[in-house]
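Accompanying notes for the structure given below.
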Amino acid sequence: MSERQNLNRREFIALVGAAGAGLALGFHLISEHRLDAFAAETVATPFEPNAWLRIDTSGGVTVTIGKVEMGQGVRTALPMILAEELDADWSKVKAEQGDAHSKYGRMTTGGSASVRTAWETLRKAGASAREMLVAAAAQTWSVPASDCRTENGMVIHASGKKLSYGELAAKAATMAVPQYPKLKEPKDFKLIGKRVMKLDTPEKISGKAIYGMDVKAPNMLVAVVERCPVFGGKVKAFEASAAKKIKGVKHVVQIPSGVAVLASDYWTAMQGRAQLKITWDEGDFAKQSSDSILAERKKLAETKGAVAKSVGNVEKELASTKKKITNAVYEVPYLAHAPMEPMAAVADVRDGSVEIWASTQVPDRVQNMASDMTGTSKDKVIVHTTFLGGGFGRKLYPDYIEEAIHLSKAVKQPVKIVWSREDDIQHDLYRPSTYNVFNAALGEDGLPTALSLKIVGDALNKSNPKDNVEGAAVEGASNLPYKIPNLHIEWVMHNPGVPTGAWRSVGSSQNAFITEGFIDELAHLAGKDPFEYRKQLLTDARLKAVLELAAEKAGWGNPLPQGVYRGIACHKSFQSYAAEVAEVSVDKKTGEVKVLRVVCAYDCGIVVNPDGAEAQLEGGIADGVSCTFKRAITIKDGRVEQANFDNYDSIRINEMPKVEIHFVPSAEAPTGTGEPAVPPAAPAICNAIFAATGVRVRKLPIRPEDLVKQLGEN
Amino acid sequence: MASFTLDINNKKYKVDASPDMPLLWAMRDLLGMTGTKFGCGKGYCGACTVLIDGEAAKSCSRPIEMVGKSKITTVEGLSSDNSHALQRAWMKYDVPQCGYCQSGQLMAAAALLNEKKNPTDMDIDEAMSGVLCRCGTYQRVRLAIHEAAKEMTGGAK
Ligand code: FES
Ligand code: FES
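These protein sequence lines map, in sequence, to chains A and B.
Mapping to the working numbering: the first sequence position 229 is 738, numbers consecutive.
Mapping to the working numbering: the second sequence position 99 is 109, numbers consecutive.
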């Protein structure tokens, strides 16, 4: 806020409803949750103020964004949307992260929703400002506004005379705010659709970008917390005298999540933590293991679950059909998010005010939480969002910030909480693991006549009633895109005490793997080409179009070099459509699989920044490859067995396939790119492994030794 | 506690610290140089990569007592204005996503180019596989390294 307050306000057009009178003009925008209604042209006000735009007298344009930047490029894509309608000079556009405030609407960043939900809002913000600048120029020249046009940060009169936005800023601020500014036709976009370098790239290659981990407040202590290794366990007693003897250790404080050591720096705090002697009450979970969880799930798979979808009569069809697959079991593990930047935040709880700097996906929730925890009114809680060193869903959960608030409150000093990588991997909120059973019957023509699926797995929301199907648990499965007349999908909730959370692409991250693998099984049983089979069964035209585009670009059906095999998969998530063709080679002796190339076709409507969108899809595919081969969180004696990147890794540069992206040209409103490339990657790869070896991968991750074993069984 | 003089980016810094404190934390927490990142603390991820006498080193695993008079280069020392060939190539291919691993990527790449003027893809795999990128920017890292190499050798190839 401070930078903004220091500015001479007369120099700006400030487009925000909440700003003071005078030069700051009200601009009210439809709230995010009403955008769908808006799109359907059932416009309902109440408007909520949302975006901020400033134009200074030198023509600099600053766009403030409410969504957080975690690598997905919103600090570039969102300003591009506004700048397009403003006809701004892109070289003069800067992005600024807004502090937590209701004027930004929902700040929570996830669900690949930032561009989709800001689209109308930011276009209107830009178009409105543009009309005000035109009005200001027209008044200056005493000409009709209709004789003026805008281009590259200038208003230009038909006679050729020009005024820059900077020159017009002060006057524009006195113009009436248009309620229904005219938006451009997509065909007239100049900036949207152009490949631009992300605005924050220069900071990120010079070491200047500040992440939560990098924040330093005056007089700050660094805290680390020893937590019970068993989920749900509590501190029974602890002994801190040895820890306190270490020079630089200032406090040892018990908080709800464990015992914290506060010191002058991280290293010293860790030395102190190593000296703590804690007796734990390990609670109910101490005897659990991945094996015991699996055993319970096998039993639960025999029980009736909550029905997510039921059409026709699957049982009857299965009983009367010969060509079928029964009891095909697919399994996926718990996954940690492991963003590159471990959890970190600084809290400074003072008398009557709180200031927080955090790497978080939920600045608005953090503000509410801090207000509740400290009894400070919300307007006195300032939450600055730093850059996030990755989020992937982990930073939707502000447990680490809660720790920092507790601690700062206790020691009356600013406190930075830092999680070690071990803390991160062992105390995450994991992607649910699931145990899934499929049955399907094929008709004479080889097409499926019936399919049943039972999913047994954790709920994200632990208070979800057993008979209620949690949307996230079945997303990507209950909306199976294939034409199957008899379909039955059930979910059996099983919460064995493992904390779970949303993980990049959420339910689709596991459900695309199981459904796209199983559909491939059906294609092979039918003796049909897996691409043609899908094409014949798909009901969604946009999904079919990406499938066809991926196949075409990958040269589906054309011969491949010796030893190289293809697999295909497609999936819709978060309103975007993705299809991927993977090419693999398999060393049958060692079980080593090389993913050589992934061709991805994608439809997210209008692509705002193609280069940034491609980066997201490349990253999503890399994530999918990592999930296929590398990652599993397993449990023994109630403890997570993995601790660091030595046993919970992602692919490295030598394992990155060549990725090619093809967008479907579109004039539809944009959706998103952060997540939807993840789901098809694992099944496309596993389907290629099947093509190469005849081994059907029904369980992730697939390690070389598992593949060798399965090859032996074939 | 002991006193050490560190030579970082051609400047001398005095720190008082326990001799086993890793260089990473001396730089980050004692000297306020936060360009070098903490990712794992155990030598697995390379986020903390710096140059020590021109060679890539994981600063999380290098106690300051072992650094001695060596010359340390961090991402802040690559250039003051993003003019280093690697940084320019990084911008051309817009490599970073979250950016958190990128200091490590750049420094590992700098060490590679110190050693090999025209690295092959295999050289890149070998030199760079110690640096994890959770966002998956690898394809662009590779392109950018080739680009910088080309430029540093005068565009000849
Ligand atoms: S932080 Fe040093 S290698 Fe990971
Ligand atoms: S850019 Fe995010 S970890 Fe590499």
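Where a beta carbon is used, it is the ideal one built from N, C-alpha and C, also for glycine.
### Query
If you run the structure through DSSP and keep just helix, strand and coil, what is phenylalanine 901 of chain A?
coil
#### Entry: Residue burial classification, proline 1188 of chain A (beta-carbon count within 10 angstroms, cutoff 16)
Sixteen is the threshold: when 16 or more other Cβ atoms of the shown chains lie within 10 Å of the Cβ of proline 1188 of chain A, as they do, the residue is buried.
### Task
Output yes if chain A places a C-beta closer than 9 Å to the C-beta of asparagine 92 of chain B; else output no.
yes
### Query
Any heavy atom of ligand 1 within a distance shorter than 8 Å of the CB on threonine 59 of chain B?
For ligand 1, at least one heavy atom lies less than 8 Å from the Cβ of threonine 59 of chain B.
### Query
With respect to the alpha helix (DSSP H) encompassing valine 1187 of chain A, which residues constitute its N-terminal and C-terminal limits?
For valine 1187 of chain A, the enclosing alpha helix (DSSP H) stretches over residues 1187 to 1202.
#### Entry: The beta strand (DSSP E) enclosing arginine 782 of chain A, as first and last residue numbers
Unbroken run through arginine 782 of chain A is the alpha helix (DSSP H), 775 to 783; no beta strand (DSSP E).
### Message
Can you check whether the C-beta of arginine 1205 of chain A is within less than 9 Å of a C-beta belonging to chain B?
### Response
no
#### Entry: Partner residues on chain B for phenylalanine 1154 of chain A, Cβ-Cβ distance less than 9 Å
Gly49, Cys50, Lys52, Tyr54, Cys55, Leu142
### Message
Could you check whether the segment 612 to 621 of chain A touches the segment 1059 to 1077 of chain A, counting it as contact only if at least three pairs of C-beta atoms, one from each stretch, sit closer than 8 Å?
### Response
no
### Query
Based on Cα-Cα distance, which residue from A/Glu826, A/Leu897, A/Glu811 lies nearest to alanine 853 of chain A?
A/Leu897
### Task
Determine the closest residue to threonine 1009 of chain A out of A/Asp937, A/Ala1060, A/Leu962, A/Gly742, with distance taken between C-alpha atoms.
A/Asp937
### Message
Please return the same chain residues whose Cβ sits closer than 8 Å to the Cβ of proline 1179 of chain A, not counting the five positions on each side in sequence.
### Response
Val624, Arg625, Trp628, Cys1113, Gly1114, Ile1115, Val1116, Val1117
### Task
Count the CB pairs spanning the segment 759 to 769 of chain A and the segment 909 to 927 of chain A that are closer than 8 Å, and state whether there are at least three.
yes
### Query
At a Cβ threshold of 9 Å, is tyrosine 23 of chain B touching chain A?
no
### Task
To the nearest angstrom, report how far apart arginine 1162 of chain A and methionine 37 of chain B are at their CA atoms.
Looking at the sequence shown, residue 1162 of chain A is not arginine but isoleucine. Approximately 27 Å between the Cα atoms of the pair.
### Task
Using a cut-off of 8 Å between C-beta atoms, extract the partners of lysine 707 of chain A located in chain B.
Asp104, Pro106
#### Entry: Delimiting residues of the beta strand (DSSP E) encompassing asparagine 877 of chain A
No beta strand (DSSP E) contains asparagine 877 of chain A, which is instead part of the alpha helix (DSSP H) from 872 to 883.
### Task
Under 8 Å by Cβ, that's how I've got isoleucine 18 of chain B and isoleucine 62 of chain B pegged, so tell me the actual separation to the nearest angstrom.
Contact doesn't hold; Cβ gap of about 10 Å is too wide.
### Query
What three-state label does DSSP hand alanine 667 of chain A in the structure shown?
coil
### Residues sharing a beta bridge with leucine 962 of chain A, DSSP
A/Phe947, A/Ile998
### Message
So arginine 72 of chain B contacts chain A; which residues on that side make the cut at Cβ distance below 7 Å?
### Response
For arginine 72 of chain B, no chain A residue has a Cβ inside 7 Å of its Cβ, as the nearest lies near 13 Å away.
### Task
Give the secondary structure of glycine 721 of chain A by DSSP, where H, G and I count as helix, E and B as strand, and everything else as coil.
In the structure shown, glycine 721 of chain A sits in a helix (DSSP, three-state: H, G or I).
#### Entry: Beta carbon proximity, tyrosine 775 of chain A to chain B, threshold 9 Å
yes
### Query
Which residues, in order along the segment 22 to 41 of chain B, keep a beta-carbon less than 7 Å from a beta-carbon of chain A?
Met31, Pro32, Trp35, Asp39, Leu40
### Query
Quick one, which of A/Asp790, A/Val892, A/Lys680, A/Ser715 has its alpha-carbon nearest cysteine 737 of chain A's?
Taking only the C-alpha atoms, the option nearest cysteine 737 of chain A is A/Asp790.
### Task
Check whether the Cβ of glutamate 65 of chain B lies closer than 9 Å to any Cβ atom in chain A.
Interface flag for glutamate 65 of chain B against chain A is unset, since no Cβ pair is found closer than 9 Å.
#### Entry: Test: aspartate 1239 of chain A CB closer than 9 Å to a CB of chain B
Absent from the structure is residue 1239 of chain A, since the part of chain A shown begins at 510 and ends at 1223.
### Query
Using the beta-carbon of each residue, which ones in chain B are nearer than 7 Å to serine 1230 of chain A?
Examination of residue 1230 of chain A is not possible in this model, given that chain A is present from 510 through 1223 alone.
### Query
Going along the chain, which unbroken runs of the beta strand (DSSP E) with 3 or more residues stay wholly within the segment 799 to 866 of chain A?
Runs of the beta strand (DSSP E) lying entirely within the segment 799 to 866 of chain A and spanning at least 3 residues, in chain order: 815 to 820, 833 to 841, 853 to 859.
### Query
For valine 744 of chain A, does the three-state DSSP call read helix, strand or coil?
strand
### Message
With three or more beta-carbon pairs closer than 8 Å as the criterion, would you say the segment 802 to 816 of chain A touches the segment 1015 to 1028 of chain A?
### Response
no
### Message
Taking 8 Å as the cut-off, is the beta-carbon of glycine 45 of chain B closer than that to any non-hydrogen atom of ligand 1?
### Response
no
### Query
Out of curiosity, what's the CA-to-CA distance linking glutamate 931 of chain A and alanine 1141 of chain A?
15 Å
### Task
Please determine, among B/Ser139, B/Lys127, B/Thr147, the residue with the shortest C-alpha to C-alpha distance to histidine 156 of chain B.
B/Lys127
### Query
According to the neighbour-count rule (16 or more other Cβ atoms, all chains shown, within 10 Å of its Cβ), is valine 1168 of chain A buried or exposed?
For valine 1168 of chain A, the number of other beta carbons within 10 angstroms of its own is at least 16, and it is reported as buried.
### Message
So alanine 1021 of chain A and glycine 985 of chain A are supposed to be a Cβ contact under 8 Å. How far apart are they, rounded?
### Response
5 Å
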